[in-house]
Every structure is written in C-alpha cells, then in structure tokens.
Amino acid sequence: PQKYSAFELAFEFGHRVIAELILNTLNKMAESFGFTDNPRYIAEKNYMEALLKKASPHTVR
C-alpha cells in the first residue's frame, strides 16, 4: 500500500487551504531552524509547490 503524506491527502481531497497551510508551516519551520539549504527540504518544498500549481481535480472554478 502506498503511503501518503498529510500534504498529499489534503491536496487529493481538495483541501487546498490545508495543503497550503502545511507548506507554509514547513517553510516557516525551515527558516526558524535554518535548514532552508537542506536538499530533502528543497525537494519536498518543490514537490508541494508543483502540486499546488496544478489545478486540483476537485476544485470547481
């Protein structure tokens, strides 16, 4: 079974606001603890931002 992060679940179910909140929290934590140059953080952040740029299939505009 595939494991999903809280971010992916929030995004998948159309909770963009929650997904954005998770991303913002991650960014603030990275800044606070000084790991903005950590490759794992950068990869996760880029992945989340790319997902958020795509329109959610559940979002009606």
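Note that the numbering used here has the sequence shown beginning at 19, numbered continuously upward. C-beta: ideal position from N, C-alpha, C; glycine also. On a predicted model such as this, the values are computed, not experimentally measured, just so you know.
Measure the CB-CB distance between residue i and residue j and report whether it falls below 8 Å.
i     : j     : result
Ala48 : Ile36 : no
Glu62 : Leu44 : yes
Leu26 : Leu70 : Looking at the sequence provided, one finds Glu at residue 26 rather than Leu. For Glu26 and Leu70, no; Cβs fall outside 8 Å.
Could you tell me if residue i is buried or exposed, where buried requires 16 or more neighbouring beta carbons within 10 angstroms of its beta carbon?
i     : result
Ile60 : exposed
Phe31 : exposed
Lys21 : exposed
So, is the C-beta of residue i closer than 8 Å to a C-beta in chain B?
i     : result
Ala37 : Although the question refers to chain B, the structure presented lacks it and comprises just one protein chain.
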